[in-house]
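Q:
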Amino acid sequence: MEYNPNSIESKWKAFWGKNQTYKVENGGTKPKYYILNMFPYPSGAGLHVGHPLGYIGLDIYARYKRLKGFNVLNPMGYDSFGLPAEQYAIQTGTHPALTTVKNIDTYRSQLDKIGFSFDWTREVRTSDPAYYKWTQWIFMQLFNHYYDKNADKALKISDLSARFSIEGNTKVNAVCDEDTPSVSAADWNAMPSKEQQLFLLHYRLTMPEEAFVNWCPQMGSVLSNDEVKDGVSERGGYPVERKLMKQWAMRITAYADRLIEGLNDLDWTESLKEQQRNWIGRSQGASVKFPLASPAPEGGAAQTTSSFAPPSGAGEIEVFTTRVDTIYGVTFMVLAPEHELVASITTPEQQTEIENYKRWTSSRSEVDRLSEGKKVTGAFTGAYCINPFNDEKVPIYIADYVLAGYGTGAVMAVPSGDQRDWNFAKHFNLPIIPILDAQKDVEIEADNTKEGQYINSGIINGMTYKEATQTLVDALEERGLGKGKVQYRLRNAVFSRQRYWGEPVPVYWKEGVPYLIEESELPLELPVIDEYLPTATGEPPLGRAKEWRYHPKNEENTEGYEYELSTMPGWAGSSWYFYRYMDPSNDIVFASKEAVNYWKQVDLYGGGTEHAVGHLLYSRFWNMFMYDLGLVPEKEYAKKLLNQGMIQGRSLYLKLKTGRRLFVNVNLADEKDRLYRDVYLTMVENDNRFENINDTVENGDIEWLTDENGKAYTSLTPEIEKMSKRTLNVVNPDDMVDKYGADCFRMYEMFLGPITDAKPWSTGGITGVSGFLRKFWSLFYDQNGKFLVTDGEPTKDELKILHTAIKKVNDDIERFGFNTCVSAFMVCVNELKSAKCSKRLILNELTVLLAPFAPFITEEAWEQLGNTPSVLDASYPVANEAYLVSDEILYPISINGKKRGEITFPAGTNAKEIEATVVDLEVVQKWVNGGGIKKVIVVPGRMINVVI
RNA sequence: GCCCUGGUGGUGGAAUGGUAGACACGCAGGACUUAAAAUCCUGUGAGCUCACGCUCGUGCGGGUUCGAGUCCCGCCCGGGGUACCA
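In structure tokens:
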């Protein structure tokens, strides 16, 4: 009987479907194990061979864990809100929901072909109202809570307003907006309810906030950073400007410290944790106030801060520094050009220069600023402030190397210690004061050392870095001039999008104040609209919905109130989906207490590194918030993370004589990357040209060569890059599966190399894996269809072959070395083949070992062996014990819970025996426990070390 | 610049501090065949040698060690991330 993957695979696919083989229950006696893949966005292009890489790896691990006796949750779903479906809707009028369902169906059939053990009864789709009901619900909880720094957790906003009415807000230690004014209990109680609601927005964990966005006037739309390339929109190429707009925001900064702290407990790669730390960007330092040398002109421009805020910081400049110890080296002050004090402190003589500089900086695009590199620019305001430690007059400049958005938008410049300050000082001929005796010559360049003792530094002269910093911070706090402070790079996360295809925000606006709708009214479903573009007045698409107004139940208001018109961003639905899988159809809560307490957290999470600071940070934030509310049991939701590498494609392009590059479908070229003229002509005839169907290429643009047989061709240039529709280098897994079978496809993807590495796809080696499966099958049947399996006792040689594989595969699966597992299988089958061994006992164990990798062929093998073990039967002997086997002696190796390579010798074995045996085995190095021997090191032909 | 990674045959890649190159592809030769495909067998890091073998080899230069692809120090190069962040 020949190995025929197609018939075997369709048979077992049907069987699994019919028997719901991979359906999982919450509970039972087995230990739980939760495996999760980052769910895909179902794009119109379908799956390519890169998508399943991680899914296959995790599926192998899931099947392995199942065989080891775990109750494994391995679900799959779709992150189904997103821009492409909306763009398609704009172009064609097709409702995004229809496009989405169609794409999901394609994905599903592609996934089913590959033999995943997903429990599809738990599928989630973020665009399903039954799902986004709970996304909206979590939003409401965020709105209803604030972050209390003393409790170090989120608490109810209702408790906060109760406190305000008793003691005002001065004693409250909570995360809030920088410009939150102080109120007494009397102030608070005197406020109209509407004012109180506005005031509470300073504290809520989600709130409307003025934020800079990428605004594209032509498209009437806000774009993400990804959609902006070189200052114009990626689609259409329209100019994009930075515009201040009212946006919903999430106060993720409240969790900054805990998000850094939590990383320590996570089994993630160091590089990924480092990316998150850098993104949060915690820097410890101090804020220092420098009083202005002469009072700001009276009756200047009216202060434009919020109605609650008294003009703060008038008469002084506040800076943030990580090196307060360098304060005696300050020789000038630099403000960001946008700093609010600039206009009021500038002297009449400097007015023109400052105005010109401000105008110049605002005209420069990001690109201009970057391309000019380190060129020093700036302007003097004419004003001075006083260094509070030595009473020196310090000139105040503005320069665009100081950013308005970070810290206080002002820095104290220490040219001896900071290279940028040094460059500025040299350019404007400002003094440079050395401050440490260990510093290099500061006239040549800045030296940021912290070594040595301070000089020229007043009260800290002679001290070291640590002493000096402490002394200065104490002095600042004592004199009310500043304090130790922690600054973050992390900004609050913008949470609204001016789009249609997203979750509606469950908020309505009444007299300029946002209110939540009733919980019982969730989900707030997306309304039907006729067109998916912004309105004529520039409102988001939801502004087109008719009769889309909120009517509070207890109010006699026939008009109703306007709903929030923006929708939630893509990361909303993906920030909590891992809990929905635990209890996917619950409509009372997002997931029941029992379900959440049973599955607790994801044990193994798989996905690409591109989500390092987006999804993986936001979802941790939401999880911590839900933890604070007691909704979930774990501070971190994903204990271990496996980052699979991207599979790149090999694209081919045609260089025209005009210099243009045209991508050509990789399937049209031959092995030598030649495009033959007849193929090209067929392409043109079928109107199937290059990457853009409208491209017309005159033959004169193409350089035609002649091959050995006199046929005309042109050479194509190869390039390795991400697979995409545009570059026509997408390899579809369906073709691979149809040709070689899913088992082969699965094993080949693993065989390509370490799962964490990025690598180009090539089908070159797939025949090796295909040959392996045929060889494996030939242990069961010969070419004539004769069944070869026999019942004899295996010999020691045969056991050695088997157990070597068992040990290798078990060890390697545990460290996700799936590529070397495949090699081990190949060696094992080759050796069994040359030993002509088809013994039942050997094949039983080998098939169980192979099952996670090649589930179809092993199911079939079990049926042929006549003793089909249930794949969920933990008692089946899957290498809980293996043996290291020499020609003579079997030594058991314990595998569970012990160090790799640790050998447990039988009781009574003495040291000499072991030594002799090890030499005999030509085993290189082994750890031995018991018998007084700790270590045996053997190098054949050299020496033997026995450590006792 | 800073942070994180990696650098091994013609190729993808194996190697707990212990015989470098497992396994696979490709290539070469052979068997079967009228022939081809498929399959099977043999060889395949470099240099020297008729040969048994010998020498050199994991980006470069040092070091630790009985022993280094692996650990330490200093460089070079590639990949990814990030930035006038005070």
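Every letter in the first sequence is one number past the one before it in the working numbering, and letter 507, counting from 1, is 780. The beta carbon of each residue, even a glycine, is placed where N, CA and C say it ideally should be. Note that the structure is a prediction, hence the values are computed from the model and not measured.
Look at the alpha carbon of residue 953 and the alpha carbon of residue 985, and state the distance between them as a whole number of angstroms.
A: Rounded to whole angstroms, residue 953 to residue 985 spans 10 Å at the Cα level.
Q: Indicate the three-state DSSP secondary structure (helix, strand or coil) for residue 1110 in the structure shown.
A: Three-state result, residue 1110: coil.
Q: For residue 280, which three-state DSSP category applies?
A: In this structure, residue 280 counts as helix in the three-state DSSP scheme.
Q: Using the rule of at least 16 other Cβ atoms within 10 Å of the residue's Cβ for burial, across every protein chain shown, is residue 1249 buried or exposed?
A: Limits of the chain in this structure are 274 at one end and 1221 at the other, which puts residue 1249 out of reach.
Q: Tell me which same chain residues have a C-beta within less than 6 Å of the C-beta of residue 546, skipping the five on either side of it?
A: Within the same chain, residue 546 has close Cβ partners 536.
Q: Would you kindly work out how many angstroms separate the C-alpha atoms of residue 1089 and residue 384, rounded to a whole number?
A: Approximately 21 Å between the Cα atoms of the pair.
Q: List the DSSP bridge partners of residue 610.
A: Answer is none; residue 610 lacks a bridge partner.
Q: For residue 410 and residue 863, which I take to be in contact (beta-carbon distance under 8 Å), what is that distance rounded to the nearest angstrom?
A: Residue 410 to residue 863, Cβ: 7 Å. Contact.
Q: By the 10 Å Cβ neighbour count, where 16 or more other Cβ atoms means buried, how is residue 769 classified, buried or exposed?
A: Residue 769 should be labelled buried.
Q: Since residue 685 sits in a beta bridge, which residues does DSSP pair it with?
A: Paired residues: 606.
Q: How many whole angstroms separate the CB atoms of residue 738 and residue 781, which I take to be in contact at a CB cut-off of 8 Å?
A: So it is not a contact: roughly 55 Å between Cβ atoms.
Q: Who are the near neighbours of residue 1183 in its chain, counting only those whose CB is closer than 6 Å to its CB and skipping five residues on each side?
A: Confidence is the limiting factor: at residue 1183 the pLDDT is only 41, short of 50, which leaves the residue's position unreliable and the question unanswerable from this model.
Q: Name the residue from 1096, 606, 449 whose alpha carbon lies nearest to the alpha carbon of residue 565.
A: Per the Cα distances, 606.
Q: Note down, in chain order, each residue of its chain lying with its Cβ closer than 7 Å to the Cβ of residue 979, except the 5 sequence neighbours on either side.
A: Counting only Cβ-Cβ distances below 7 Å, and skipping sequence neighbours, we find 985.
Q: Within 8 Å, do at least three Cβ pairs link the stretch 904-920 to the stretch 324-335?
A: Contact between the stretch 324-335 and the stretch 904-920 is present, because at least three Cβ pairs lie under 8 Å.
Q: Please classify residue 955: is it buried, with 16 or more other beta-carbons within 10 angstroms of its beta-carbon, or exposed?
A: It is exposed - the Cβ of residue 955 has fewer than 16 other Cβ atoms within 10 Å.
Q: Counting C-beta neighbours from all protein chains within 10 Å, is the total for residue 463 16 or more, i.e. buried, or is it exposed?
A: Classification of residue 463: exposed, given that the 10 Å Cβ count is below 16.
Q: Could you check if residue 557 is buried or exposed, using at least 16 other CB atoms within 10 Å of its CB as the buried criterion?
A: Exposed: under 16 other Cβ atoms inside 10 Å.
Q: Would you mind giving the Cβ-Cβ distance between residue 694 and residue 719, rounded to the nearest angstrom? I have them listed as a contact below 8 Å.
A: At roughly 7 Å, the Cβ-Cβ gap stays under 8 Å, so residue 694 and residue 719 are in contact.
Q: For the alpha helix (DSSP H) that contains residue 1004, what are its first and last residues?
A: Element bounds for residue 1004: n/a, residue is neither H nor E.
Q: On a Cα-Cα basis, can you pick out the residue from 421, 826, 912, 296 that is closest to residue 879?
A: For residue 879, the nearest C-alpha among the options comes from 912.
Q: What do you reckon, are the CB atoms on residue 1007 and residue 386 nearer than 8 Å?
A: Result yes, Cβ atoms of residue 1007 and residue 386 sit closer than 8 Å.
Q: Among the residues of its own chain, which have a CB less than 6 Å from the CB of residue 440, if the five just before and after it don't count?
A: If we look at residue 440 and ignore the five residues flanking it on each side, its Cβ neighbours are 458.
Q: Taking only three categories from DSSP, how would you classify residue 990?
A: It is a strand residue.
Q: Using a Cβ-Cβ cut-off of 6 Å (strictly less than) and excluding sequence neighbours within five positions of residue 1299, which residues of its own chain qualify?
A: The chain is shown from 274 up to 1221; residue 1299 falls before or after that span and cannot be answered.
Q: Taking 6 Å as the limit between beta carbons, can you name the residues of its chain near residue 757, skipping five residues before and five after?
A: Hits under 6 Å: 559, 746.
Q: Would you give the residue range spanned by the beta strand (DSSP E) that residue 421 belongs to?
A: It spans 418-421 - the beta strand (DSSP E) in which residue 421 sits, taken as one unbroken run.
Q: Counting pairs of beta carbons, one from the stretch 1067-1079 and one from the stretch 1107-1121, are three or more of them closer than 8 Å?
A: Touching, per the Cβ criterion.
Q: Report the residue from 461, 413, 323 whose alpha carbon sits nearest the alpha carbon of residue 921.
A: Selected option, being the one with the closest Cα: 323.
Q: State buried or exposed for residue 633, treating a residue as buried only when at least 16 other CB atoms are found within 10 Å of its CB.
A: Residue 633 comes out exposed.
Q: With H, G and I counted as helix, E and B as strand and the rest as coil, what does DSSP make of residue 1021?
A: DSSP places residue 1021 in helix when its eight states are reduced to three.
Q: Only counting the same chain, and skipping five residues up and downstream in sequence, which positions put a Cβ closer than 8 Å to that of residue 716?
A: Excluding positions up to five away in sequence, the list reads 705.
Q: Quick check on this structure: which residue in 316, 339, 373 has the alpha carbon closest to the alpha carbon of residue 1122?
A: Nearest of 316, 339, 373 to residue 1122, Cα basis: 339.
Q: Does the Cβ-Cβ distance between residue 1137 and residue 1053 come in under 8 Å?
A: Yes. Within cutoff.
Q: Verify whether the separation of the beta carbon atoms of residue 347 and residue 377 is less than 8 Å.
A: Contact: no.
Q: Can you check which of these residues, 517, 487, 519, 365, is closest to residue 511 by C-alpha distance?
A: Ranking 517, 487, 519, 365 by Cα distance to residue 511 puts 487 first.
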